[in-house]
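**Q** In my numbering, the protein residues as written are 1 to 417.
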Amino acid sequence: MGVLRQLLSLRERVGGAVFVLLGQGAQSVGSFVTGLIIARAAGQEELGLFALGYSFCFLVICLGDTLVATPYTYFSSHEDKHQSGILRAGLLGTFLVGLLVCILIVIAAALGVESLRGLVFTLPFAVIGLVLREFVRRHLYVAGKLTSALLKDLLSCALQLVLVLLLAGFNELSANSAFVAIGVAALLPVLVFLVRGVFAGHVSTVAEMAGWLMQFFGYGRWLVLGTACHVASIQLYPWLALAGGGARNAGVFAVCVALTNLMNPLLVGLTNYFRPKLMASYREVSSADFFRQILRVSMLFLVPAVFFLLVVSVEGDRLLVFVYGETYREGASALFYMGFGMVAVALSAPLQLALLAVRAPVTNLIYHASALFALLFLSAIFWPHLTTTLLGSFYGGVNFAALAVLFFLFWGRVVSR
């Protein structure tokens, strides 16, 4: 109880948004350390298989967010009298999305995707656990139970790392066993949530549940297109690495991605902080003042990205060896090019916020679709010579090309308004 009181006191002092960021940070740390332990204890091939399988985890989280969690957030804020029914429909819809991705995994394995055949019994367990955990987190945010959400995030992260470390200690760690650990750690907070009276109150009929699901999917269909392009443009990389040099190649590229992703919590935090501010500012200031504000915000995004680029440019090989081991040194060149890509991603974030402020969400689809098209075009030209260095240069070039498209849209819709 003392820890809970301290968390509540901290929330009052620093605000609820920090709790959301702390929870997201805990999940990011859990994912990064899990990959690090697999790289150290199980080797490059198992890490490569883990990265390939985790692409489906990323897919299901994004689909669950666009098709269920975001529509649930919207409808829940407008319906005070049907909260229990909306929540049940959200849980059911989330499970159905997870089940759909599980079926895709089984079909892909049956059609001959060799890397998935060994994961077909464990990866679906992690997929279901992760998508349900993410929906529960979103519900807790909507309900204002930020302390509870943070405690569940910390519990899930700690349990996942303990299980992975135990598996490594008994020489049982592999991509398969890691997904079992992730599934167990993700489902435990969900089970705690379900036990605490979620299904109390009015019993929803099948028609009511189906009605809410239709509303969820109808609202989310406009968001899922941009998400699909985003997921594809990011999660194609491990599969391209597999095609270019097998699971070992995918494993080396995965550690470069993991180090690059260390920037994500900071970028997400800055994005969440500035989104409402820029939306309000657009309505209150002139076009010139808004443009200057975007430039100032861009500098805040740019500074940490340039620092990351300098680190990987000067000490990239030593960083890989220090964190993952000598066998991963060959990824230094790819990491160097990916540092440039992170600069482009950082500069893109404030431009996307500005375009959302002017109510032009279709530009998000154009941005991600441009990145996906550029990646597919480059992959087709250089197939099958897809080394880690070449894929790293793709990452840098594709993100700068997408940034150029985004800046053109920003200039036309914001600067020249």
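All C-beta atoms in this analysis are idealised placements derived from N, C-alpha and C, irrespective of residue type, glycine included. Note that the coordinates shown come from a computational prediction; the quantities given were computed from them, not determined experimentally.
Of all the options L376, V136, Y282 and A207, which has the alpha carbon lying nearest to the alpha carbon of V414?
**A** Selected option, being the one with the closest Cα: Y282.
**Q** Once the 5 residues before and after F193 are set aside, which same chain residues still bring their CB inside 6 angstroms of it?
**A** If we look at F193 and ignore the five residues flanking it on each side, its Cβ neighbours are V136.
**Q** So for S174, helix, strand or coil by DSSP?
**A** If DSSP states are grouped into helix, strand and coil, S174 belongs with coil.
**Q** Could you name the residues of the same chain whose beta carbon sits closer than 7 angstroms to that of I366, not counting the 5 residues immediately before and after it, in chain order?
**A** Excluding residues within five positions, the ones whose Cβ falls inside 7 angstroms are V405 and L409.
**Q** Is the stretch 319–337 close to the stretch 386–403, with three or more CB pairs under 8 angstroms?
**A** Enough Cβ pairs lie closer than 8 angstroms, so yes.
**Q** Exposed or buried, P71, counting other C-beta atoms within 10 Å across all chains shown (16 or more means buried)?
**A** By the neighbour-count rule (16 or more Cβ atoms within 10 Å), P71 is buried.
**Q** Check whether the stretch 59–66 touches the stretch 214–229, counting contact only when three or more Cβ pairs, one atom from each stretch, lie closer than 8 angstroms.
**A** These segments touch.
**Q** Taking the continuous alpha helix (DSSP H) assigned at K152, which residues delimit it?
**A** Taken as a continuous stretch (DSSP letters only), the alpha helix (DSSP H) holding K152 covers L146 to G169.
**Q** Does the stretch 107–119 come close enough to the stretch 139–148 to have 3 or more Cβ pairs within less than 8 angstroms?
**A** The stretch 107–119 is not in contact with the stretch 139–148.
**Q** Can you tell me where the alpha helix (DSSP H) with A69 in it begins and where it stops?
**A** Premise fails: A69 is in no alpha helix (DSSP H) and is neither H nor E.
**Q** Indicate whether S55 and P238 have their beta-carbon atoms separated by less than 9 angstroms.
**A** Yes; because the gap between Cβ atoms is below 9 angstroms, this pair is in contact.
**Q** In terms of residue numbering, what span does the alpha helix (DSSP H) encompassing V136 cover?
**A** It spans L123 to V142 - the alpha helix (DSSP H) in which V136 sits, taken as one unbroken run.
**Q** Check whether the stretch 309–325 touches the stretch 337–356, counting contact only when three or more Cβ pairs, one atom from each stretch, lie closer than 8 angstroms.
**A** Contact between the stretch 309–325 and the stretch 337–356 is present, because at least three Cβ pairs lie under 8 angstroms.
**Q** Using 9 angstroms as the threshold, is the C-beta distance between A243 and E46 below it?
**A** It is not a contact, given that the beta carbons lie outside the stated cut-off.
**Q** So is H385 buried or exposed if we call it buried at 16+ other beta carbons inside 10 Å?
**A** The residue is exposed, with fewer than 16 neighbouring Cβ atoms inside 10 Å.
**Q** Please return the same chain residues whose Cβ sits closer than 6 angstroms to the Cβ of S393, not counting the five positions on each side in sequence.
**A** For S393, where only same-chain residues beyond five positions count, the Cβ hits under 6 angstroms are Y337.
**Q** Taking L353 and F253 to be in contact with their CB atoms under 8 angstroms, please state how far apart those CB atoms are, rounded to whole angstroms.
**A** The pair is not a contact, with the Cβ atoms about 30 angstroms apart (cut-off 8 angstroms).
**Q** Please report how far the alpha carbon of T34 lies from the alpha carbon of G98, in whole angstroms.
**A** Their Cα atoms are separated by approximately 22 angstroms.
**Q** Contact between the stretch 88–95 and the stretch 285–295 is defined here as three or more beta-carbon pairs at a separation below 8 angstroms; is this criterion met?
**A** No: fewer than three Cβ pairs fall under 8 angstroms.
**Q** Using a Cβ-Cβ cut-off of 8 angstroms (strictly less than) and excluding sequence neighbours within five positions of G396, which residues of its own chain qualify?
**A** Here the set comprises Y337, M338, G339, F340, G341 and A344.
**Q** Going by DSSP in three states, T205 sits in which element: helix, strand or coil?
**A** In this structure, T205 counts as coil in the three-state DSSP scheme.
**Q** From what residue to what residue does the alpha helix (DSSP H) around G341 run?
**A** Start and end: A332 to A357.
**Q** Could you work out which residue in R40, V101 and G30 is closest to C57 when comparing CA atoms only?
**A** It is V101 whose Cα lies nearest to the Cα of C57.
**Q** Considering only residues of the same chain and omitting the five flanking positions on each side of T260, which have a CB-CB separation below 7 angstroms?
**A** For T260, where only same-chain residues beyond five positions count, the Cβ hits under 7 angstroms are M338 and M342.
**Q** Helix, strand or coil: how does DSSP classify P384 here?
**A** Three-state result, P384: coil.
**Q** Using CA atoms only, rank isn't needed, just tell me which of L372, E134, A69 and R292 is closest to Q27.
**A** Nearest option by C-alpha distance: E134.
**Q** For Q44, which residues from the same chain have a beta carbon less than 7 angstroms from its beta carbon, with the 5 sequence-adjacent residues on both sides left out?
**A** So the qualifying residues of the chain are R248, G251, V252 and T327.
**Q** Going by the CB atoms, is the gap between L262 and F75 shorter than 9 angstroms?
**A** It is not a contact, given that the beta carbons lie outside the stated cut-off.
**Q** Identify the continuous alpha helix (DSSP H) that holds L320 and give its terminal residues.
**A** That run of the alpha helix (DSSP H) goes S287 to Y324.
**Q** Could you spell out the range, first to last residue, of the alpha helix (DSSP H) harbouring R117?
**A** Its alpha helix (DSSP H) spans residues E114 to R117.
**Q** How should S313 be labelled, buried or exposed, when 16 other C-beta atoms within 10 angstroms of its C-beta is the threshold for buried?
**A** S313 is exposed by the Cβ-count criterion.
**Q** What would DSSP say about G25, mapped onto helix, strand or coil?
**A** It is helical.
**Q** Which of helix, strand or coil does DSSP assign to L111?
**A** Looking at L111 - three-state DSSP - the assignment turns out to be coil, as it is neither helix nor strand.
**Q** Would you identify the three-state DSSP class for R11, choosing helix, strand or coil?
**A** Low per-residue confidence applies at R11: pLDDT is 48, beneath 50, and the placement is therefore not dependable enough to give any value.
**Q** Under the three-state reduction of DSSP, which class applies to G43: helix, strand or coil?
**A** Coil.
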